[in-house]
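Chains as they are written, first to last, in the numbering used here: chain A, 1304 to 1528; chain B, 1304 to 1528.
Every residue, glycine too, gets a C-beta built ideally from N, C-alpha and C.
A quick write-up on the structure given underneath.
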DNA sequence: TCCCGTGAATTGTTCAACACTTGACTTATT
DNA sequence: AATAAGTCAAGTGTTGAACAATTCACGGGA
C-alpha cells in the first residue's frame, strides 16, 4: 500500500473527514441517506471502519442516525436555525467585547479571511465566500481563548454551512453584504468594540433571516415532492 | 444472553452509558487506561462494539484516545478547570437573567433538585449531593430554551463531575455551602434575578477554586508517584 | 378498504484473522 | 558501564465474512 504521507490519524478519522467535507461542500445534500456497504466500498474501507466514521459525524450533528434505518445527512429546521443563531449571538458578541488590544494576534488572521472573502465575492465563488465568511466569525470566537468553546462553535458553524450552501441553488446571493465584514474589521482594529458588537448583532439578524428564508423554501419544496 | 430490557438503543450506546456512569461515579478514576479485549469480554460484547462505545465517550471528552496506545479516562488540568468555569459563568449567569416568569415550569424541578441536594448533604452522601448540585445548575441552563446549549453544557458538567468525585477522597467536603443553592432558589422565585446572578457568580468562583485545589493536589500526587 | 403475514434489504453485532505501532527487553558496540 | 541498535510480545487498527434483528414494501385474505 502507498501511504506516502504520515498517517498519524486513523482511517476512520480520515473517512469522517472526507464525508464531512462532502457534506459541508454541498455534495451530499441534507436528507440524503447513506448506505454502509456501497459507501464503504466506494472509499475502499471496511464496513466497520465506515461505521466508526458515521458514528463520529452523527455525534457532530452532521449525520442523523436512526436505529436500523441507517444514517442520513441532517436537515436543519427553522427551529434549528433559531437555536443556532441564538447561540451565535450569545457567543460572538461577548467575544468582540472581550477583544482587548493585548491579544491582537487574531487581527492579521481576520484581515486574511476578509481579503479572501472579498476576493471570492468578486469572483462569484459562492462556496469559497461562505468558507471565508464563516472563518471570519470563527476567528472572532478566538477572543474568548477557550478551546472547548471553539470546538463547540465549530460544530455550530458546520450546521450553518450545511444550510448556506443551499443558498447557491436558491439564487439568493447576499452580495449587498460585502462591506459589513470590512466595517466590522475596521471598528475592531480601531478598538470601537461596542460599535462593532452592534454591527455584528445586526449582521447576525440579517444572516439568520436569510438562512431562514432558504430553509423555509427547502421545506416547502420537500413537502410538495 | 439475557437482554431482558428493551433495547431501543444499540448495544454500543448502552456500553457507552455504562462506562460513562462508571467514570462519573468515580469507579474509573482519571488516568485509568482501558484495554479493549478484557473490557469487551467483561461486558459480554465484541471488540468492535466496545470500540464504538469508546469512540462515543472520547468525543464526549470523558476518554482520551491516543492512536495505537489505547484509551484512558481523561485528566482535567488546571487549565481545563479554568476553561470550563469560564464557560459556566458565560452560560449560567445569562440563563438566570433570561428567566422570565412566563416559563417558570423549571422552578418545581429546581425545587426538587434543591430538596434532593439538602437531603444528600444531611445524610453525608457526597456522590448524590454532587449529582443534585449539578442537576440544579443544569436546570438553570434550561432557561435559555436551547437544546444544543443543554447538551453542550451537559458535556461540561460531565467533566466537572469527573473532578468533583475526587473531592470525596480529598476530605474537602464543602458542607458550608449548603445554603447557597437555597438562597439562589429563593431569589429566583422572587424574581430578583440580578441578585441571584450575583450570588451565582460568587458561588461559581468558590466552586472553581475548590475544584482547582483538588486538581492541584491530584497533579502533585501524580508527579511524586 | 383494511389488516396481517411474508420476505428481501439493510443495519446491528459478533468473530477471527492479519497489519501496524509501541514500549520494553536484549544484545552488541564502544 | 553506557549507549545504540535489534528483537519481540502485547495491544490497537482494520478487514472480511457471517449471522441476528429490524424495517419496509408487497400481496393475499377477511
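query	result
For residue 1323(B), I'd like the list of residues in its chain whose CB is within less than 8 Å of its CB, leaving aside the five on either flank, ordered along the chain.	1360, 1363, 1365, 1461
To the nearest whole angstrom, what separates the beta carbons of residue 1444(B) and residue 1452(B), a pair I think is in contact under 8 Å?	6 Å
Look up residue 1424(A) in the DSSP assignment and say whether it is helix, strand or coil.	helix
Between the Cα of residue 1266(B) and the Cα atoms of 1337(B), 1390(B), 1385(B), which residue gives the shortest distance?	The question about residue 1266(B) has no answer here: the residues shown for chain B are numbered 1304 through 1528.
Within 7 Å: the Cβ of residue 1422(B) and any heavy atom of the ligand GDP?	The model depicted lacks the ligand GDP and carries no ligand whatsoever.
Which same chain residues end up closer than 8 Å to residue 1395(B) when comparing Cβ atoms and leaving out the 5 residues on each side of it in sequence?	1440, 1443, 1444, 1503, 1507
Against chain B, with Cβ distances strictly below 8 Å, would residue 1426(A) count as a contact?	no
Is any beta-carbon of chain B found at less than 8 Å from that of residue 1332(A)?	no
Check the DSSP bridge columns for residue 1329(A) and list the partner residues they point to.	Paired residue(s): none; residue 1329(A) is not in a bridge.
Which same chain residues, not among the five before or five after residue 1305(A), have their C-beta less than 6 Å away from its C-beta?	With a pLDDT of 35 at residue 1305(A), under the threshold of 50, the predicted position of this residue should be treated as unreliable, though the coordinate-derived value follows. Closer than 6 Å at Cβ, skipping near neighbours: no residue.
Taking one C-beta from the stretch 1343-1359 of chain A and one from the stretch 1339-1355 of chain B each time, how about it: are there three or more such pairs within less than 8 Å?	yes
Determine the contact status of residue 1329(B) and residue 1468(B), defining contact as a CB-CB distance below 8 Å.	yes
Does residue 1377(A) get closer than 8 Å to chain B when you measure Cβ to Cβ?	no
Which partner residues of residue 1373(B) appear in the DSSP bridge assignment?	1369(B)
Whole angstroms is fine: what's the gap from residue 1338(A)'s alpha carbon to residue 1371(A)'s?	11 Å
Alpha carbons only, please: which of 1374(A), 1425(A), 1492(A) is nearest the one belonging to residue 1340(A)?	1374(A)
How would you call residue 1387(B), buried or exposed, if buried means at least 16 neighbouring beta carbons within 10 angstroms?	buried
Starting from residue 1452(B), find everything on chain A with Cβ-Cβ shorter than 7 Å and list it in chain order.	1390
Quick check: what's the CA-CA separation for residue 1400(A) versus residue 1448(B)?	24 Å
Could you give the distance in angstroms between the alpha-carbon of residue 1482(A) and the alpha-carbon of residue 1397(A)?	22 Å
Should residue 1510(A) go down as buried or exposed, given a rule of 16 or more other Cβ atoms within 10 Å for buried?	buried
Determine the closest residue to residue 1344(A) out of 1318(A), 1327(A), 1325(A), with distance taken between C-alpha atoms.	1318(A)
Which chain A residues are close to residue 1510(B), counting only those with a beta carbon under 7 Å from its beta carbon?	Correct list: empty, because the minimum Cβ distance to chain A is about 17 Å.
Please name the residue or residues paired with residue 1336(A) in a DSSP beta bridge.	1375(A)
Specify the secondary structure class of residue 1434(B) as computed by DSSP and reduced to three states.	helix
CB-CB under 7 Å to residue 1417(B), same chain, minus the five flanking residues each way: which ones, in chain order?	1439, 1484, 1485, 1488
I want to verify the contact list: residues of chain B whose CB lies under 9 Å from the CB of residue 1369(A), in sequence order.	Under the 9 Å cutoff, chain B gives no residues; its nearest Cβ is about 11 Å from residue 1369(A).
Taking the alpha carbon of residue 1414(A) as the point to measure from, which residue in 1498(A), 1514(A), 1492(A) has its own alpha carbon closest?	1492(A)
With a threshold of 8 Å between beta-carbons, can residue 1355(B) be considered close to chain A, or not?	yes
In whole angstroms, give me the CA-to-CA distance for residue 1459(A) and residue 1459(B).	17 Å
Quick check on this structure: which residue in 1419(B), 1407(B), 1514(B), 1383(B) has the alpha carbon closest to the alpha carbon of residue 1434(B)?	1419(B)
Would residue 1358(A) and residue 1450(B) qualify as a contact pair, given that the criterion is a beta-carbon distance under 8 Å?	no
Could you spell out where the alpha helix (DSSP H) holding residue 1383(B) opens and where it closes?	1381-1400
For residue 1395(B), go through chain A and note every residue whose CB falls closer than 7 Å to its CB, in chain order.	Residues of chain A passing the Cβ test: none, with the nearest at roughly 12 Å.
Where residue 1409(A) and residue 1428(A) are concerned, what is the direct C-alpha to C-alpha distance, given to the nearest angstrom?	25 Å
Exposed or buried, residue 1369(A), counting other C-beta atoms within 10 Å across all chains shown (16 or more means buried)?	exposed
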